[in-house]
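Just below is one structure, and these are the notes that go with it.
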Amino acid sequence: MARILIVDDSAVSRKKLRMILEAAKHEIIGEAGDGFEGLQKYEELIPDLVTMDITMPKVDGITGLKDILKLNPTARVVMVTALGKGSTILEALDAGAKNYITKPFSEDTVIHTIAKALE
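Next up, the structure:
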């Protein structure tokens, strides 16, 4: 299964994603609380996939996505966002995100979205 980096400023969201993804036999190789830390962890750990929250302090998810894609244009990044952020989701997809998950998320949605991004 995949080696995954979780980037989200919410410890609760990171924990929930970790539980879902580990139950699906993925390995969580790191966590980060903002886009800047996410880029640092990406460079250090070279994950197969990144889940990236959009709304975070310091460096937001869109900027984090763009920074990771500058480093590795083939990086797989799945955005995580609250409902009602349609224009931001489109911006992320246009910038190169593989897919997105909306909060609150279900286990089935997370597993399906991650599997599709890893194809």
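Each residue of the sequence shown is one higher than the last, beginning at 1 in full-length UniProt numbering.
Backbone N, C-alpha and C define an ideal beta-carbon position, used for all residues, glycine too.
| Check | Outcome |
| --- | --- |
| Expected contact under 8 Å - CB spacing of T102 and A82 to nearest Å | 7 Å |
| Contained beta strand (DSSP E) runs [length at least 3] in the region 47-86, N- to C-terminal order | 49-53, 77-82 |
| Buried/exposed call for D53, threshold 16 Cβ in 10 Å | buried |
| Separation of A117 from S13, as counted between CA atoms | 19 Å |
| Minimum C-alpha distance to P47 - residue among P57, G61, M56, E31 | E31 |
| N- and C-terminal bounds of the beta strand (DSSP E) containing G35 | No beta strand (DSSP E) contains G35, which is instead part of the alpha helix (DSSP H) from 35-45. |
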